[in-house]
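Report on the structure given below.
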Amino acid sequence: MPRPQSRGGRANGGTGSALEMIAQLQGVYQGLYATFEVLGNGAQGGAMMLLRRLYHTPAVVNEFRVLSHRQIPEPWPKAVQTRWTEVHRGAASGPPSADSRTTLTLLWRSVDAALEQLIQERSDLNWQGVRSVLLRGLPGSGKSTSLFHCVERAREHNWLVFYLPKLYHWLHERQTCDFALTPRSKGARGAGAVREPLFFDQARVVLDSLQACRQAHASALESLECASTEQLQRDSDLDDEPGGSDASKGVNVSRDQHPNLLGLIDASLQAGRRLQGDLAEVNLEHFSRNFRLFLRQLQCVREVPVLIAIDDWNLLNALTSIRHPQKRGRFLHASALRSLRPLNAWNLFTRLSARMQRGVVVCAETSARGRVDVRPTRIVGSVMHQPTAAMQRDPDGRDALRWVTKELPTHLQPTQLRIPLFSRDEMRLLLRDLQERQVLHTIDEHSMWRLEALASGNAARLLRICQAV
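Going by the UniProt record's numbering, the residue at position 431 of the sequence shown is 431; the numbering climbs one at a time, nothing skipped.
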């Protein structure tokens with residue numbers, strides 16, 4: 001029985017052209033899977049990850065999977081695999097290989113050149129200029145990739161780098177979250193009720209990044225002495241809690257307990273690994289205080305330049321996809337997670353970057369949105385320093401930059417660098433590179449032109465098309 005014709009379609013019209021295009025794309029997809037079958041068992045799973053993330057963000061090799069020493073996608077060229085693994089594990093001390101440099105050059109944009117120039121200029125001890133940069137762009141333009149290039153160049157120039165990647169994965173893609181509910185004090189009303197949830201999963205975001213920083217810069221951290229209490233009070237003004245009592249406590253014991261920054265990181269990691277049991281709240285408070293103290297110490301470093309790189313920065317000031325354990329139908333704000341409080345936008349641009357003695361803060365904005373269907377009145381647990389009405393009206397972080405530029409003084413606002421979409425020539429180079437490495441099946445010029453037209457400069461869309469057909 002012949003298949004019925006699609007409604008509104010013509011046998012030789014637009015529908016026929018679309019079916020022909022889909023058939024050609026199916027051939028590309030089948031050829032891609034045939035290539036993966038040759039590579040061995042388990043390659044299909046790597047193929048799906050490759051199609052989703054390849055040439056879109058540096059998370060093509062998932063940052064946290066690599067930090068956890070898990071397997072990375074097999075189809076990726078071996079030289080590039082090695083380089084990604086070195087950088088994300090914090091072992092990128094030497095220059096990359098020739099093959100790796102060639103492949104990464106395909107993703108090199110004009111914004112990356114500007115960031116590299118900033119790294120070179122900011123290395124000068126007496127240089128006065130940009131202290132914070134915000135990378136913006138449409139989805140699929142490569143914002144996270146540019147941030148990764150900045151991290152790599154900074155490490156090549158012997159910078160001290162603290163890299164916090166892929167916050168979206170932890171705040172919106174996590175299906176489960178490990179937390180405990182602590183009881184109220186005996187004198188409080190309703191002693192049997194829970195007081196505050198402790199989120200261990202989100203603390204691991206900072207733990208993994210601190211561990212990577214320690215592995216990459218152990219010798220430099222050991223050579224940097226902790227600043228004295230007087231110097232911290234004079235040169236640093238980072239405080240995410242009104243009143244600053246906890247921060248003051250951390251400052252008073254910094255020089256006695258931690259002679260250098262390496263000991264401070266080790267203390268933070270040790271406290272972060274004990275976020276369970278009856279002492280979970282005490283250890284979490286100790287971990288948060290050490291982390292705040294580490295950021296305060298980074299502000300005072302003058303011996304080496306410092307880079308603080310944060311991907312998906314606007315999600316630090318928005319609702320997460322974590323349901324509130326006590327209030328039905330509500331979601332937690334990112335500022336309710338203690339380990340992430342010192343990195344909210346207000347601290348980043350008013351205190352952290354503005355007071356850094358020798359360093360710069362580079363953030364990348366994410367195009368992915370979280371709980372966009374939640375009313376602004378459902379924001380709970382917001383403890384951001386000096387919250388404004390604009391923050392309360394921005395539940396998903398969509399307008400985070402708007403209130404930053406409106407509320408902050410001009411000299412504290414970050415320099416914005418907009419990354420354009422990939423051009424036709426750049427898209428063709430990416431496809432050619434995949435073909436030369438036998439990752440993508442060889443296609444004719446007409447099919448390649450159609451793929452470029454459908455993608456419209458969006459690398460993520462290009463890979464989704466290849467995955468869906």
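A virtual CB, placed ideally from N, CA and C, is assigned to each residue, including glycine. Source: prediction; values computed, not measured.
- LEU421 sits in coil when the DSSP states are folded into three classes, being neither helix nor strand.
- Closest by C-alpha distance to LEU343, out of GLY359, LEU332, GLU222 and CYS363, is CYS363.
- In the structure shown, THR405 falls within a helical segment according to DSSP collapsed to helix, strand and coil.
- Shortest Cα-Cα distance from ALA227 to any of SER268, PHE349 and LEU293 involves LEU293.
- The C-beta distance from GLY140 to ARG432 rounds to 19 Å, too long to meet the 8 Å contact threshold.
- With fewer than three CB-CB distances shorter than 8 Å, the region 264-273 does not count as touching the region 311-322.
- The beta carbon of TRP127 sits closer than 6 Å to those of GLU121, all from its chain and outside the five residues before and after it, given in chain order.
- One Cα belongs to ARG131, the other to ARG355, and the distance between them is close to 9 Å.
- Here CYS363 carries a strand assignment [DSSP, helix/strand/coil].
- Annotated three-state conformation of GLN120 is helix, per DSSP.
- Across the structure, SER123 and ALA334 are spaced so that their CA atoms are roughly 33 Å apart.
- Between the alpha carbons of SER447 and GLU152 lies a distance of about 35 Å.
- The C-alpha of ALA309 lies about 20 Å from the C-alpha of LEU408.
- Under DSSP, VAL161 shares a beta bridge with LEU307.
- Rounded to the nearest whole angstrom, the CA to CA distance from LEU224 to MET427 is 44 Å.
- For SER141, there is no enclosing beta strand (DSSP E), as DSSP gives it neither H nor E.
- Straight-line spacing of the CA atoms in LEU264 and ARG450 works out to 54 Å.
- Closest in C-alpha terms to LEU160, from the list LEU261, ARG418, GLY137 and ALA113, comes LEU261.
- A residue is called buried when at least 16 other Cβ atoms come within 10 angstroms of its Cβ; ASN283 meets this threshold and is buried.
- At a Cβ-Cβ threshold of 7 Å, ALA220 and VAL304 count as neighbours.
- Take the alpha-carbon of VAL360 and the one of GLU452: they are about 36 Å apart.
- Excluding residues up to 5 positions away in sequence, ASN260 and LEU262 lie with their Cβ nearer than 6 Å to the Cβ of GLU222 in the same chain.
- Nearest to ARG214 by alpha-carbon distance, out of THR145, LEU412, PHE162 and VAL205, is PHE162.
- Residue state for SER132 is assigned as strand, using DSSP reduced to three classes.
- GLN117 sits exposed, since fewer than 16 C-beta atoms from the chains shown fall within 10 Å of its C-beta.
- Here VAL133 is near THR415, since their CB atoms are less than 7 Å apart.
- Within 10 angstroms of the beta-carbon of SER110 lie fewer than 16 other beta-carbons, which makes it exposed.
- Its Cα nearest to that of LEU298, the residue ARG358 stands out among HIS258, ARG358, ALA267 and GLN257.
- Under the 10 Å beta carbon count, GLU445 is surrounded by fewer than 16 other beta carbons and is classified as exposed.
- Per DSSP, the continuous alpha helix (DSSP H) segment holding LEU261 begins and ends at 261-272.
- The DSSP-derived three-state label of THR442 is coil.
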